[in-house]
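In this text, residue positions in the sequence shown follow the UniProt record's numbering: the first is 1, and each later residue adds one. All C-beta atoms in this analysis are idealised placements derived from N, C-alpha and C, irrespective of residue type, glycine included. What follows is one structure encoded as structure tokens, with my remarks underneath.
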Amino acid sequence: MTKIIYSLVYAISYISSLFQSRSPASKAKEKRESVSALLPKEWLVSQSFLPDIENANVLKIHDACGIMTLKEIAITETKTIPDLLKAIHSGELTSFEVTVAFCKRAAISQQLTNCCTELMFEDAMKRAKYLDDYFKTNGKPIGPLHGLPVSVKDSFKIPGYDATLGFVINIGNATDEFSNLPELLYRQGCIFYVKTNVPQYLMTLDSENIIFGRTLNPYNTGLTAGGSTGGEAALLKQHGSIIGFGTDIAGSVRIPALACGIFALRPSCDRIPYGNQVEPVDLEDNSGYGIQCSAGPMANSLEDIKFMFKAVLDTKPWTLDIDSKPIPFQQSIYEQAVEKKELNIGYFVEDSSFPLQPPMKKSINESIAKLQAAGHNLIPIDIIPMKKIWTHCNKAYLQDFGWGTMQNIWKTGELPIISLALTMSEGRYAFPPPKLSGFTMSNYLLEREVIKRHFHSQFFDNSLDVLLCPAASFTAAKHDTYGVPIYTAVWNLVDFPALVVPLQNEDPLTVDNAAPISEYVKGDCSHMVADYSPHDLVGSRGHVQLVGRTLEDEKLLGCAKTIEAILNA
Numbered sequence: 001m002t003k004i005i006y007s008l009v010y011a012i013s014y015i016s017s018l019f020q021s022r023s024p025a026s027k028a029k030e031k032r033e034s035v036s037a038l039l040p041k042e043w044l045v046s047q048s049f050l051p052d053i054e055n056a057n058v059l060k061i062h063d064a065c066g067i068m069t070l071k072e073i074a075i076t077e078t079k080t081i082p083d084l085l086k087a088i089h090s091g092e093l094t095s096f097e098v099t100v101a102f103c104k105r106a107a108i109s110q111q112l113t114n115c116c117t118e119l120m121f122e123d124a125m126k127r128a129k130y131l132d133d134y135f136k137t138n139g140k141p142i143g144p145l146h147g148l149p150v151s152v153k154d155s156f157k158i159p160g161y162d163a164t165l166g167f168v169i170n171i172g173n174a175t176d177e178f179s180n181l182p183e184l185l186y187r188q189g190c191i192f193y194v195k196t197n198v199p200q201y202l203m204t205l206d207s208e209n210i211i212f213g214r215t216l217n218p219y220n221t222g223l224t225a226g227g228s229t230g231g232e233a234a235l236l237k238q239h240g241s242i243i244g245f246g247t248d249i250a251g252s253v254r255i256p257a258l259a260c261g262i263f264a265l266r267p268s269c270d271r272i273p274y275g276n277q278v279e280p281v282d283l284e285d286n287s288g289y290g291i292q293c294s295a296g297p298m299a300n301s302l303e304d305i306k307f308m309f310k311a312v313l314d315t316k317p318w319t320l321d322i323d324s325k326p327i328p329f330q331q332s333i334y335e336q337a338v339e340k341k342e343l344n345i346g347y348f349v350e351d352s353s354f355p356l357q358p359p360m361k362k363s364i365n366e367s368i369a370k371l372q373a374a375g376h377n378l379i380p381i382d383i384i385p386m387k388k389i390w391t392h393c394n395k396a397y398l399q400d401f402g403w404g405t406m407q408n409i410w411k412t413g414e415l416p417i418i419s420l421a422l423t424m425s426e427g428r429y430a431f432p433p434p435k436l437s438g439f440t441m442s443n444y445l446l447e448r449e450v451i452k453r454h455f456h457s458q459f460f461d462n463s464l465d466v467l468l469c470p471a472a473s474f475t476a477a478k479h480d481t482y483g484v485p486i487y488t489a490v491w492n493l494v495d496f497p498a499l500v501v502p503l504q505n506e507d508p509l510t511v512d513n514a515a516p517i518s519e520y521v522k523g524d525c526s527h528m529v530a531d532y533s534p535h536d537l538v539g540s541r542g543h544v545q546l547v548g549r550t551l552e553d554e555k556l557l558g559c560a561k562t563i564e565a566i567l568n569a
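This is the structure:
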């Protein structure tokens, strides 16, 4: 049935395209070329530095290609946001030279990995000059984030720029509005200079669409950068940004983070303002039973994740965003978690239906051993079968995004991207989506409550401070093979804050150090996730996912500081 439905989608899209005055491909090409034209000629990377894109590591090209000065390289490789802001606010660096440095590095990153959708360089430089003039005239910064370059996912509105979400139908939808989060950051002195790439309609795990194409993983361009915030993760890993913001409804900041080797926080819903974004479909009729999306920070350091989480809450977002919870940053709770000498860390390694691939299982087991050796209490917990949890998540995602997405695609005659088509045709999602109403709705809500209560009880019964688990069954995945995001989506379902921590000191996978395929024992749901192929995963590293209880984000971040220091020592 699913394959028949998808054949019909393709047929309807094709027929629709015949009645368009301009084809979806031509509209997409025009938009793509208009963005590429904004790359300054002097920032174009020489062909001699552009690698064969298949399975290439591009992380050393930025420094070697000759486009950036040594000072600009140093600026973009500043260790933390506080270090960068200190240099700007002391007058050691100007906002303009910091902005130029990050614009250059983002331009290089775009040419190497196709990570951006909007290049806002000219407006960013005007903003930087304004901030420098303000600083010179007043002798102080305009706000606590004065001069900080910030990149954002394509779904956030920035005045004068499209938020297409990879939909042809959204080309030309620019307004004079900010989404709520960027507006708050702008008031504090931030500078927006790029928006980053996403999958078509935001709900697959490869950041590819027919407008901008596919984002590549800078570690290994044969691997996915993840989705739906994949462009952001790829840009951050290349130091084309020091801080970015994405959204997460099933793992959409955490999956790109684990794929590209950065940090990402999915906060409790409505701690960071989400409002006034462009959505893939109108969710008004589905409010109340769908899984809620959360906005969160992504960075190359845990310190920057915490810094920006606090910086956003310090703006009192509930004064602008009607849904934001009026909860300031709980500094005392954060400090208590940091100072606790002996953490109670719950854990589970895997669900047998979705077994971890050997490199990922090794990462989780070694992390548990390191934490035990450091004197912390590691407590195994019971989990509800992930197959049951995914069945429940599946109902919500397709109820909210199923038919509405297909309608938006065939309105313009554009075709579904490969990862979307494969996901549906291989039966990873139930399609067409079931309608929830009356008795089925009541059962659905009851099931969700049972799942949430189970994980709450695991925290209470075991006096847990934090939970450690994988965010995926693998270290990385080839393009179009990721599958279902079960190890991340579960925490969206129950609204637990979750953080991905990359294992930065772990040796990257090579053909020689990876376990052979024979060591991977598949589960009954292994067809729903990427297969294990050591040769294809070269360059990837492991990760852990840390999870807290709802609205205990500060405690999670405090525990994470202790845990990350041990795992990445």
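Residue i and residue j closer than 7 angstroms at C-beta
{"i": "Ser-228", "j": "Pro-199", "result": "yes"}
{"i": "Gly-346", "j": "Ile-379", "result": "yes"}
{"i": "Leu-202", "j": "Leu-165", "result": "yes"}
{"i": "residue 571", "j": "Gly-548", "result": "Lying before the first or after the last residue shown, residue 571 is absent from the chain, which here runs from 1 to 569."}
{"i": "Thr-113", "j": "Ala-234", "result": "yes"}
{"i": "Thr-196", "j": "Ser-252", "result": "no"}
{"i": "Lys-452", "j": "Asp-536", "result": "no"}
{"i": "Leu-184", "j": "Pro-317", "result": "yes"}
{"i": "Cys-116", "j": "Val-168", "result": "no"}
{"i": "Phe-354", "j": "Met-406", "result": "no"}
Among the options, the one whose alpha carbon lies nearest that of residue i
{"i": "Glu-506", "options": "Arg-22, Gly-483, Ile-517 and Ile-566", "result": "Ile-566"}
{"i": "Ser-518", "options": "Ser-533, His-527 and Tyr-186", "result": "Ser-533"}
{"i": "Glu-366", "options": "Pro-355, Val-349 and Ile-381", "result": "Val-349"}
{"i": "Asn-300", "options": "Leu-557, Glu-72, Lys-79 and Leu-205", "result": "Lys-79"}
{"i": "Lys-361", "options": "Tyr-219, Ala-107, Gly-240 and Phe-474", "result": "Phe-474"}
{"i": "Cys-559", "options": "Val-278, Asn-276, Ser-352 and Tyr-334", "result": "Tyr-334"}
{"i": "residue 587", "options": "Ser-463, Leu-546, Pro-508 and Asp-495", "result": "A query on residue 587 cannot be resolved here, the shown segment of the chain reaching from 1 to 569 and no further."}
{"i": "Leu-324", "options": "Val-338, Lys-370, Val-58 and Cys-269", "result": "The amino acid at residue 324 is misidentified as Leu; the sequence shows Ser. It is Cys-269."}
{"i": "Phe-245", "options": "Asp-162, Val-98, Pro-149 and Asp-206", "result": "Pro-149"}
{"i": "Glu-342", "options": "Gln-372, Leu-320, Ser-332 and Pro-359", "result": "Gln-372"}
{"i": "Thr-315", "options": "Cys-393, Ala-250, Ile-255 and Leu-181", "result": "Leu-181"}
{"i": "Phe-212", "options": "Lys-387, Leu-84 and Glu-118", "result": "Glu-118"}
Coil, strand or helix - residue i by DSSP
{"i": "Ala-87", "result": "helix"}
{"i": "Gly-288", "result": "Note that Gly-288 scores a pLDDT of 47, beneath 50, so its modelled location is shaky and nothing firm can be said."}
{"i": "Gln-47", "result": "helix"}
{"i": "Glu-559", "result": "The sequence shown places Cys at residue 559, rather than the Glu named in the question. DSSP places Cys-559 in helix when its eight states are reduced to three."}
{"i": "Gly-231", "result": "helix"}
{"i": "Thr-224", "result": "strand"}
{"i": "Cys-293", "result": "coil"}
{"i": "Val-253", "result": "coil"}
{"i": "Thr-488", "result": "helix"}
{"i": "Phe-354", "result": "strand"}
{"i": "Lys-340", "result": "coil"}
{"i": "Lys-478", "result": "strand"}
{"i": "Glu-506", "result": "coil"}
{"i": "Gln-330", "result": "coil"}
{"i": "Phe-102", "result": "helix"}
{"i": "Glu-554", "result": "helix"}
{"i": "Phe-167", "result": "coil"}
{"i": "Arg-448", "result": "helix"}
{"i": "Ala-374", "result": "coil"}
Residue(s) in a DSSP beta bridge with residue i
{"i": "residue 577", "result": "No answer is possible for residue 577: the residues shown for the chain start at 1 and end at 569."}
{"i": "His-454", "result": "In the DSSP output, where bridge partners are listed per residue, His-454 has none listed."}
{"i": "Ile-191", "result": "Pro-149"}
{"i": "Met-298", "result": "Gly-244 and Ala-264"}
{"i": "Phe-121", "result": "None; Phe-121 has no bridge partner."}
{"i": "Arg-214", "result": "Glu-208"}
{"i": "Ala-498", "result": "Arg-266 and Val-547"}
{"i": "Gly-66", "result": "In the DSSP output, where bridge partners are listed per residue, Gly-66 has none listed."}
{"i": "Thr-196", "result": "Cys-116 and Lys-153"}
{"i": "Val-529", "result": "Gly-483"}
Local Cβ density within 10 Å of residue i, reported as buried at 16 or more and exposed below that
{"i": "Pro-82", "result": "exposed"}
{"i": "Phe-460", "result": "exposed"}
{"i": "Ser-26", "result": "exposed"}
{"i": "Leu-446", "result": "exposed"}
{"i": "Ala-74", "result": "exposed"}
{"i": "Asn-138", "result": "exposed"}
{"i": "Val-450", "result": "exposed"}
{"i": "Asn-443", "result": "exposed"}
{"i": "Ser-207", "result": "buried"}
{"i": "Arg-22", "result": "exposed"}
{"i": "Ser-48", "result": "exposed"}
{"i": "Ile-210", "result": "buried"}
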